[in-house]
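Each protein sequence line maps, in turn, to chains S and D.
Residue numbers for the first sequence follow our numbering, so the first one is -4 and each next one is one higher.
Residue numbers for the second sequence follow our numbering, so the first one is 118 and each next one is one higher.
All C-beta atoms in this analysis are idealised placements derived from N, C-alpha and C, irrespective of residue type, glycine included.
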Amino acid sequence: MRRCWPTFSSSGRGWWPTSDEKRFGNPARPDAGGTQGNSSGGVTFLQPLILFGLPLILLPVLIHLLNRLRHRPQVWGAMQFILAATRSSVDRARLKQFLILLFRVLAVLALILFLSRPFAGGWLGWAVSVAPDVIFLLVDRSASMETKSGEGGAFRREEVLRTMSEAAEEFEGTSHLVLVDSATRHPQTLDAAADLLEHPLAAATDAAADIPSMLQAALSWLIKNEVGNAEIWLGSDLQSESWRPGDSRWETLSGKLQALPQTIKIRIVSVDRPAGSADAQLTLQNQVRRERAGRREAVFSLEINTSSLETDVIPVEFTLNGVSTELQVKMDSPQQGWTHRTDLGSSDSSGWGSFALPADANSRNNAVYFVYGEGGEPRASVVGELGAVNSVLQIAAGDYRGEAAALADLLPNWQLSDLNWEEQSLVVWQEPLPGDSAPELESFIEAGGAALFLPPHELGTNDLAGIRWSRIEEAGADSLFRVGRWDRLAGPLSDTDEGLGLPLEDLLIHQRRNLTGYETGTGAASSLAASFRDGSPLLLRLTRGRGAAWFLTTLPHPDWSSLTDGDVLVPLVQRLLQLGTLRQEQVAYATAGELSPAITVMNWEPAGGGEKDYRWHAGVYRSEDHWLAVNRSPREDSTATVTSEVVRRLFGELPLAIRQEQTDRTEPLQGEAWRLFLLGMLIFLLVESYLTMPQFSFPKFMTFRMAPS
Amino acid sequence: MAPDRQQSLIDSRVVSRLMAQPLYARRDMEGTVSGLHKSPHRGSSVEFAEYRQYVHGDDLRRLDWRVLARTDRYYLKEFEAETNLRAYFALDLSGSMRFGSGEANKLAYAQKMLATLAWLVIRQGDAAGLLAIGSDTVLDLPPRRNPAHLQLLLESLENLKSGGQTGLPSGLHELADRIRRRALVIVFSDCFCDVESLMASLRHLSYQRHDVVMFHLLDPQELQFNFNRPLRFIDLEGQASQVAEPSVIRDEYLRRINQFLETLQKGCREFGIDYRRVQLTDKYETVLADFLIERSRMVANIR
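In structure tokens:
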């Protein structure tokens, strides 16, 4: 029991409070109970008895006074000049003497404080603190935390664990350590700080982190257990997608934490150093399975995003049902998409596979997994307000697999509740955005369905993830809106199997309805699939859960555009229909950490053997005849981070300290502050030495003129 | 000529090297016997001075018969008178003369110089006297020419002790008032007194047409002030002491002592006083040799 307050001793059984003390605080500690709220300025010392030596700071003064009595005598003849010079220089001499004494006193003070081993936060501003009753260790174990920092550095998560463990070790006897990981968000008590390093709930995952939810878990634990002071140590890479600064929960959280009767302090361990080497991310944009001439084939649209284009060709390991081959992907730009087709044979109806990049700074974002099986029935519904448009859309979204074509269903808005969403693949929506009035539609999208939104006649007030329709723009007679760019490699407007591009350049567009909120509101979740020459979107993709919402900014109507010709509209809508049909197959896709309850009731085993938890780790899992492909959360691919200013704003008035790795990499999170005092002592001694040097003299501007005495 | 008793003050090797160079006065001396030095009066030396018309009573042996034969006029041919000098050695015995950072202090250094010069003066037939000035006049030996007097002078010199306040200005005033005939006055002092008073006394001597030489003795430590730790300075001329930080007062100290030296030197130059600053690290033999040689050149130029 080393830690104690300078003026008291511990109870002898540790600092963990009894049930009474939990409620009222430990009476033996000045930082507990009702008085602890204002005690953030207190100092904790490991050797408090040494503080009784504080009067020793007067030693230099005493020595100085004694020395004045026993200066070395020097007989002197030219005394008249000594006396005159002394009279002239007495003010400067006194000032210098005072400064020398001051720095000697400070040096002794720093020495005593250094020997008494003050215990404090590792960074300035938190140099002194009291031991809290509870320390929450909030560990972001998302995929982005598996990036290696710096040259040959450790993984960000390991760096966080090491830093937290070292700091928490000093609190083992005094504070309760509670681990809250980003995957489960269930508070777990730790017996020892060292357990954190090997704790299974601190291991790497492919799941996304949700910082507000982690804080909410800590808050709930605090309220439930009625403990005293608490500190929340949060280790994170400040990834914006994990912090979700726009989330409305932040305001509530910071308010509730501040309103707690006990003092809550936040410490952020930010591992924000850039990756030490290049990092490439592989994402599966979409997957289409189709049948041709009695043989099945799968078409994958993939994309590689690399932080630096170091090589022209990147080898990609393609695995299909356990058999691996190597693909060579030519990199023309840091963001390279490509389409891969593979023959699935004629008999095998289901299977699994993966694409994987070579190991780099973050191996967690190098692989994507897929499964395939018997397809579901494509089924589209059109919800529209313009008859002419509805007809075109019904045709475009029809099912043409059989001999007889089947038009898409048309149903009015008020009949949405009657719709069987489970059977739906695509919903074409040409009405004002539904907002909260149609929660089934949003669930449908997040479950993997596809939704195509077209400009409504009326603007409406709702939005979807911040995206909303804007005013209608009409082109002049001589200057129609022209399509400038679109994604020809992947997505619903990509080139055909034969390599022919869709005739988007030939589209004649007279009117369009602009979109707002897609630039900033959704971050990396939205992307332009096609845009006009002025940069405005023609087709915008908004990723929601496993599915996506697509926004087309013009209508298949003669007054609006030439989409009624069908050569662009039909492939677009049919491809969206195929995307939406994927969810009905005998296979399931899931995002690590975001599995639906229906999936979790099944017993999933890794398809390739080994021991992996399908809830947190990407991979392919099998449960009898069902296949499950779990991929990392797309949120983890985002490289956007929140700044320390944003973090401070999120926590409001709560005491907050941020240890940013880029500027403060070597400083421990929490530990003894002896270095600070040792350094101070050295500085004081150096200054004192400089002042006592014979060559020292005050600057000219400090020349004093003796006042007549 | 240097008895054993004088061995501590007179180095035979030094005097043997210096004896070849006589000590001349820059000004006319009024001695009692003939000697090496120019007198303000006409005399019978071989040094021609001027022609003068005969007046009644003049010694006919000094008539220039050649001029009389040519011009039929009576002219006397006059020659320079050469006499001996009387040297007064004034030694400052104030406490500050005890200071010396090296082997010898200022007093010991002055004693050696004074003894050597006295030996040279008496050896060349001139008279040497000693005036030791402490807070008041401690010793006053009038100038004599005989070797026995030198013995007395050296014995007295060796027994002198320094201490107390300086009375150099008043001592020099007293000397100026006392000696009527022109003489050579050589002062050995560190001059640590009121510079105006000192200059007044030197001026007094100069007005009396004495040839005044000032050997200003200084210790290098007094000029450089190279101390690096706080010291308690104890006054050699009194009981006063002062704790001071040399690093703090050094600049001011040097400024003031340099100002003092400049004032002193300028005043001496103004009143024709032969001012010679001597540091204790200088060899006194060299100092004296320079002094004698410069005097010879000076006198040669005048003549």
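Whole-Å CB distance - residue i paired with residue j, under 8 Å assumed
i	j	result
S:VAL384	S:LEU550	5 Å
D:ASP209	D:THR283	6 Å
S:TYR584	S:PRO601	No, S:TYR584 and S:PRO601 are not in contact; Cβ-Cβ is about 16 Å, not under 8 Å.
S:SER438	S:VAL582	About 20 Å; that fails the 8 Å criterion.
S:LEU771	S:ILE107	Nothing about residue 771 of chain S can be read from this structure; chain S reaches only from -4 to 704.
S:PHE295	S:LEU315	The Cβ separation is near 11 Å, so there is no contact.
S:ILE504	S:LEU475	6 Å
D:LEU234	D:LEU405	7 Å
S:ARG570	S:PRO487	4 Å
S:VAL387	S:GLU426	That belief does not hold up - the Cβ atoms of S:VAL387 and S:GLU426 are roughly 16 Å apart, past 8 Å.
S:ILE259	S:SER231	Between S:SER231 and S:ILE259 the Cβ distance is about 18 Å, and since that is not below 8 Å, they are no contact.
Neighbour list for residue i in chain S, Cβ cutoff strictly below 9 Å
i	result
D:ASP307	GLY72, ALA73
D:PRO337	Within 9 Å Cβ-Cβ: nothing; D:PRO337 doesn't reach chain S, min ~12 Å.
D:GLU354	GLY72, MET74
D:SER213	TRP71, GLY72, ALA73, MET74
D:PHE216	VAL70, TRP71, GLY72, ALA73
Extent of the continuous alpha helix (DSSP H) to which residue i belongs
i	result
S:SER160	151 to 164
D:ALA232	223 to 240
S:TYR685	669 to 687
D:SER275	Residue 275 of chain D is actually Glu in this sequence, not Ser. Looking at the DSSP string, the run of the alpha helix (DSSP H) that includes D:GLU275 is 264 to 275.
D:PRO286	285 to 295
Boundaries (first-last residue) of the beta strand (DSSP E) holding residue i
i	result
S:ALA275	275 to 287
S:LYS325	318 to 325
S:GLY348	346 to 351
S:VAL70	67 to 71
D:ILE250	244 to 250
Interface residues of chain S facing residue i [CB-CB closer than 7 Å]
i	result
D:TYR370	PHE76, ILE77, ALA80
D:SER273	Per Cβ cutoff of 7 Å: no residues; D:SER273 is ~23 Å from chain S at best.
Interface residues of chain D facing residue i [CB-CB closer than 8 Å]
i	result
S:ARG63	VAL360
S:LYS260	Chain D residues near S:LYS260: none, gap ~49 Å exceeds 8 Å.
Straight-line Cα distance separating residue j from residue i
i	j	result
S:ALA197	S:LEU414	43 Å
D:CYS308	D:SER133	31 Å
S:GLU468	S:SER489	27 Å
S:ILE720	S:GLU500	Not covered by the structure: residue 720 of chain S. The range shown for chain S is -4 to 704.
D:ASN345	S:LEU90	18 Å
S:TRP118	S:SER639	The predicted position of S:TRP118 is uncertain, since its pLDDT is 43 and thus under 50; a value taken from the coordinates is nonetheless stated next. Approximately 15 Å between the Cα atoms of the pair.
D:LEU301	D:PRO286	17 Å
S:PRO25	S:LEU255	Its pLDDT being 31, under 50, S:PRO25 is placed unreliably in this model, and the value from its coordinates should be taken loosely. Each residue's Cα considered, the two are about 19 Å apart.
S:SER412	S:GLY393	22 Å
D:LYS223	D:GLN325	28 Å
D:ASP311	D:GLU354	14 Å
S:GLU161	S:HIS181	23 Å
S:TRP599	S:ARG466	49 Å
S:ALA102	S:GLY675	7 Å
S:ALA362	S:GLY603	14 Å
S:ASP15	S:LEU54	In this prediction, S:ASP15 scores a pLDDT of 33, lower than 50, which makes its location untrustworthy; the coordinate-derived value is nonetheless stated afterwards. Whole-angstrom Cα-Cα distance: 46 Å.
S:PHE672	S:GLY48	16 Å
S:ALA356	S:THR636	18 Å
S:ALA714	S:GLY530	With chain S covering -4 to 704 only, the question about residue 714 of chain S has no answer from this structure.
D:TYR226	D:ASP257	20 Å
Within chain D, partners of residue i - CB distance below 9 Å
i	result
S:PRO68	LEU348, ARG349, PHE350, ILE351, SER358
Beta-carbon neighbours of residue i, restricted to chain D and to distances below 7 Å
i	result
S:ARG87	VAL365
S:SER84	VAL365, ILE366, GLU369
S:LYS91	VAL365
Chain S contact residues for residue i, given Cβ-Cβ distances below 8 Å
i	result
D:ILE374	ALA73, PHE76
Residue i: CB within 7 Å of a non-hydrogen atom of the ligand GTP
i	result
S:VAL363	Only the bare structure without any ligand can be found here, which leaves the ligand GTP out of the picture.
inquiry  = Threshold first: 4 residues or longer. Then list the alpha helix (DSSP H) segments lying entirely within the stretch 301 to 371 of chain D, N to C.
reply    = For the stretch 301 to 371 of chain D, whole alpha helix (DSSP H) runs of length 4 or above, ordered along the chain, are 312 to 324, 337 to 341.
ask   = Taking only runs of the beta strand (DSSP E) that begin and end inside the stretch 204 to 257 of chain S, which ones reach a length of at least 3 residues, in chain order?
value = Given a length threshold of 3 residues, each whole run of the beta strand (DSSP E) inside the stretch 204 to 257 of chain S is given here in chain order: 225 to 231.
ask   = What are the uninterrupted segments assigned as alpha helix (DSSP H) that are 4 or more residues long and contained completely in the stretch 501 to 588 of chain S, given in chain order?
value = Unbroken alpha helix (DSSP H) runs of no fewer than 4 residues, entirely contained in the stretch 501 to 588 of chain S, are found at 564 to 576, following chain order.
ask   = At what residue ranges does the stretch 361 to 412 of chain S contain a whole run of the beta strand (DSSP E), taking only runs of 3 or more?
value = With a minimum length of 3 residues, the continuous beta strand (DSSP E) runs that stay inside the stretch 361 to 412 of chain S are 362 to 367, 375 to 379.
request  = Run through the stretch 431 to 501 of chain S for me and flag every whole alpha helix (DSSP H) of 4 or more residues, listed as ranges in chain order.
outcome  = Annotation note: the stretch 431 to 501 of chain S contains the following uninterrupted alpha helix (DSSP H) runs of length 4 or greater, listed N- to C-terminal: 434 to 441.
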